[in-house]
Amino acid sequence: MHPYVSFINPDRLPAPNGFTHVAIAPVDRLIVVSGQVAYAPDGSIVGKGDLAAQTRQVFENLATALEAAGSALAYAVKLNYFVRDLTEEAVATIRRVRAPYLDADRPPASTLVGVAALAKPDLLLEVECLALLPPQYPSE
1 MHPYVSFINP
11 DRLPAPNGFT
21 HVAIAPVDRL
31 IVVSGQVAYA
41 PDGSIVGKGD
51 LAAQTRQVFE
61 NLATALEAAG
71 SALAYAVKLN
81 YFVRDLTEEA
91 VATIRRVRAP
101 YLDADRPPAS
111 TLVGVAALAK
121 PDLLLEVECL
131 ALLPPQYPSE
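Read left to right, the sequence shown gives residues 1 to 140 (the UniProt record's numbering).
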């Protein structure tokens, strides 16, 4: 899906689980998406207290943002996750819900951080994204 991106997992680093250690991409095609949270289009919070529902909404919001830029989650090269109440169960939930949105064979590089709080108390997850314009999209 990324003909001009190289994904590398060096042998001297531990085998990654659900991410790629290094993604090399041309900067002139870079899209930077601000951290997305579980806001519905009307600004209300989706899935209060439900990490799975919030993860789904976050990835829908990322998909919407990338579509507006002429791209898609298939062209994501880096995701940064900020998670309240970080546990192994939370990580498993996020991975399960995000699976349909990402390429399992070539997942983007990523960082996952546990945080004490997000912008509002009912938010459980925020995800930032670096993605690329697809090859057919003209760069300026």
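The beta-carbon is built from N, C-alpha and C at its ideal position, and this holds for glycine as well.
All of these numbers come straight from a predicted model, not from anything done at the bench.
Could you tell me if residue i is buried or exposed, where buried requires 16 or more neighbouring beta carbons within 10 angstroms of its beta carbon?
i           : result
S110        : buried
N9          : exposed
Y4          : exposed
residue 143 : Nothing in the structure corresponds to residue 143, since the chain is present only between 1 and 140.
In the DSSP assignment, the beta strand (DSSP E) including residue i goes from what residue to what residue?
i    : result
I8   : 6-8
Q36  : 30-36
T111 : 109-115
A119 : Counting along the chain, A119 falls outside any beta strand (DSSP E), and DSSP gives it neither H nor E.
V22  : 22-24
Alpha carbon to alpha carbon, what distance is there between residue j and residue i?
i    : j    : result
E67  : T93  : 25 Å
R96  : V83  : 15 Å
A53  : I45  : 10 Å
A74  : A116 : 30 Å
L133 : S71  : 5 Å
C129 : G114 : 17 Å
N61  : R12  : 35 Å
Between the Cα of residue i and those of the options, spot the shortest distance and give me the residue it belongs to.
i    : options                : result
R29  : Q36, V22, P14, A69     : A69
G35  : P135, L125, Q136, I24  : L125
L102 : E88, F59, Y4, L51      : F59
L118 : L73, I31, I24, L86     : L86
R98  : L123, Q57, T64         : Q57
V33  : G49, A90, L112, V77    : V77
A65  : G49, P100, A23, V37    : V37
G47  : Q136, P121, A131, P135 : P121
Between residue i and chain B, is any beta-carbon pair separated by less than 8 Å?
i   : result
A53 : No chain B appears in this structure, which consists of one protein chain only.
Which residues mark the beginning and the end of the alpha helix (DSSP H) in which residue i is found?
i   : result
L73 : Where L73 is concerned, there is no enclosing alpha helix (DSSP H), given that its DSSP letter is neither H nor E.
P92 : Just to set this straight, residue 92 is Ala in the shown sequence, not Pro. Segment 88-98, the alpha helix (DSSP H) holding A92.
Please determine if the region 95-112 and the region 17-24 are in contact, where contact requires at least 3 C-beta pairs separated by less than 8 Å.
Touching, per the Cβ criterion.
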